[in-house]
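Only one structure is covered here, and it is reproduced in the block below.
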Amino acid sequence: MGSKTLTRMDLSEAVFREVGLSRNESAQLVESMLDHISDALVRGEQVKISSFGTFSVRDKSARVGRNPKTGEEVPIQPRRVLTFRPSHLMKDRVADGNRD
Numbered sequence: 239m240g241s242k243t244l245t246r247m248d249l250s251e252a253v254f255r256e257v258g259l260s261r262n263e264s265a266q267l268v269e270s271m272l273d274h275i276s277d278a279l280v281r282g283e284q285v286k287i288s289s290f291g292t293f294s295v296r297d298k299s300a301r302v303g304r305n306p307k308t309g310e311e312v313p314i315q316p317r318r319v320l321t322f323r324p325s326h327l328m329k330d331r332v333a334d335g336n337r338d
């Protein structure tokens, strides 16, 4: 399995090739989409993309953790974490890709 990373530039290049917008318009479209997704998550909303998956924000409460090296107890502050749950179609597609 390769270690290629899909970047914003790759996405805007794909929009340029497949949709026919200019490179500049394609980059603006990708940035706009990512901004909308980010803004919704910051507001605590779920982002559901059909046949892809669901992004959501979870609030984690404070808890006591432990330093694995020293065994010392360390308080862990409450925080918000981003989660992604892939759709069944995405899971199947990724699993099928592993068979190659």
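Numbering-wise (my numbering), the sequence shown opens with residue 239 and increments by one.
We put the CB at the ideal spot given by N, CA and C, even for glycine.
Checklist entry - Buried or exposed: where does valine 319 fall if 16 or more other Cβ atoms within 10 Å of its Cβ makes it buried? => result Under this definition valine 319 is an exposed residue.
Item to check | DSSP-derived helix/strand/coil call for leucine 320 | outcome: Looking at leucine 320 - three-state DSSP - the assignment turns out to be strand.
Item to check | Closest residue to arginine 261 among Leu272, Asp248, Gly309 and Met271 (Cα-Cα distance) | outcome: Sorting Leu272, Asp248, Gly309 and Met271 by C-alpha distance to the C-alpha of arginine 261 places Asp248 at the top.
Next on the checklist: What would DSSP say about arginine 301, mapped onto helix, strand or coil?
Outcome noted: Strand, per DSSP.
Checklist entry - What residue does the beta strand (DSSP E) around lysine 242 start on, and which one ends it? => result Run containing lysine 242: none; DSSP gives neither H nor E here.
Checklist entry - Where does lysine 307 sit, in a helix, a strand or coil, going by DSSP? => result In this structure, lysine 307 counts as coil in the three-state DSSP scheme.
Next on the checklist: Can you look up glycine 335 in the DSSP assignment and give me helix, strand or coil?
Outcome noted: Glycine 335: helix per DSSP, three-state reduction.
Next on the checklist: Whole angstroms are fine: how far does the CA of phenylalanine 290 sit from the CA of arginine 308?
Outcome noted: The sequence shown places threonine at residue 308, not arginine. Taken atom to atom, the span from the alpha-carbon of threonine 308 to that of phenylalanine 290 is near 42 Å.
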